[in-house]
Amino acid sequence: DIQMTQSPASLSASLGETVTIECRASEDIYNGLAWYQQKPGKSPQLLIYNANSLHTGVPSRFSGSGSGTQYSLKINSLQSEDVASYFCQQYYDYPYTFGAGTKLELK
Amino acid sequence: EIQLQESGPGLVKPSQSLSLTCSVTGYTITSGYDWSWIRKFPGNKMEWMGYISYSGSTNYNPSLKSRISITRDTSKNQFFLQLNSVTTEDTATYYCARCYPGITDYWGQGVMVTVSS
Chain A
2 DIQMTQSPAS
12 LSASLGETVT
22 IECRASEDIY
32 NGLAWYQQKP
42 GKSPQLLIYN
52 ANSLHTGVPS
62 RFSGSGSGTQ
72 YSLKINSLQS
82 EDVASYFCQQ
92 YYDYPYTFGA
102 GTKLELK
Chain B
9 EIQLQESGPG
19 LVKPSQSLSL
29 TCSVTGYTIT
39 SGYDWSWIRK
49 FPGNKMEWMG
59 YISYSGSTNY
69 NPSLKSRISI
79 TRDTSKNQFF
89 LQLNSVTTED
99 TATYYCARCY
109 PGITDYWGQG
119 VMVTVSS
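Heads up: the sequence lines are chains A and B, in that order.
If you're matching positions, the first sequence starts at 2 in my numbering and goes up one per residue.
If you're matching positions, the second sequence starts at 9 in my numbering and goes up one per residue.
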């Protein structure tokens, strides 16, 4: 199985700040990576797919980048509604696997 | 609007089978996509369990292959999860979801299942 190592596990940031979350795959996943946001008590929401494509309706302050084994999610100008957990998922190979998640809080 | 809704018992005894239903509205499951089950354990680890495709083929996580079955009832636009011989380690929130080719664009709200005697 492809292992997804996500960092940091938790993150505290101020409103308006830019935050970056990283995911490293145990092998090349050829941009087969998605990012999701999950708020407490809610189901996950797709943010980014194919490593850098913004899902419909997702604010443009979210962006994804990376290639090979290294990928990142950037949130520009952090808003209060961005407080959530974020996780990555590779779908390049079966079984699909997920990062452990990053909990984003306001400072 | 596409909606998925999980249903099933919230408590299952060890060694028994876990059975969940996902009811889909707003999209016909035979029209396209893979229809998946994904679970989130206490501590937040996520695991893709498997899917049934729009054509009826299945693909399972090898870690579950001997215990899992995903089926469907196209007349009701539902698909199902059965997980046999459960243990306390199967305690999790179970989500049904629409995926292709692994990108999950619609999720159910999730159902918490506890395995306990």
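Just so you know, even glycine gets a beta-carbon here, dropped at the ideal spot from N, CA and C.
Quick caveat: nothing in here was measured; it's all calculated off a predicted structure.
In the DSSP assignment, find the unbroken beta strand (DSSP E) run with residue i in it and report its ends.
i, result
"F49/B", "It is not in any beta strand (DSSP E) - F49/B carries neither H nor E in the DSSP assignment."
"N67/B", "T66 to Y68"
"S64/A", "F63 to S68"
"S13/A", "S11 to A14"
"D98/B", "Segment: none, D98/B is in no beta strand (DSSP E) and carries neither H nor E."
"T6/A", "M5 to S8"
Quick one: what's got a C-beta closer than 8 angstroms to residue i's C-beta in the same chain, skipping five residues either side?
i, result
"L72/B", "M57, G58 and L91"
Run through chain B and tell me which residues come within less than 7 angstroms of residue i, C-beta to C-beta.
i, result
"G102/A", "N52"
"Y50/A", "I111"
"Y92/A", "P109, G110 and I111"
Cutting at 6 angstroms between CB atoms, please list the residues of its own chain near residue i, excluding the five before and the five after it.
i, result
"C24/A", "M5, Q7, Y72, C89 and G100"
"S61/B", "D42"
"Q13/B", "S31 and G116"
"G118/B", "T101 and Y103"
Residues of chain B with CB under 8 angstroms from residue i, in chain order?
i, result
"P45/A", "Y103, T112 and W115"
"F99/A", "K53, M54, E55 and W56"
Taking C-beta pairs closer than 8 angstroms, name the residues in chain A that residue i reaches, listed in chain order.
i, result
"G118/B", "S44"
"N67/B", "Y95"
In chain A, which residues lie with their C-beta within 9 angstroms of the C-beta of residue i?
i, result
"P70/B", "D2, Y95 and P96"
How should residue i be labelled, buried or exposed, when 16 other C-beta atoms within 10 angstroms of its C-beta is the threshold for buried?
i, result
"N69/B", "buried"
"K48/B", "buried"
"L1/A", "This structure cannot speak to residue 1/A, because chain A is shown only from 2 to 108."
Find the residues of chain B that neighbour residue i, judging by a C-beta separation of less than 9 angstroms, and give them in chain order.
i, result
"K69/A", "The identity of residue 69/A in the sequence shown is Gly, whereas the question assumes Lys. The contacting residues do not exist; G69/A stays about 18 angstroms from chain B at best."
Unbroken stretches of the beta strand (DSSP E), 3 residues or longer, contained in the region 17–43 of chain B: 26–33
4 or more residues per run - each alpha helix (DSSP H) lying fully within the region 12–66 of chain A: none
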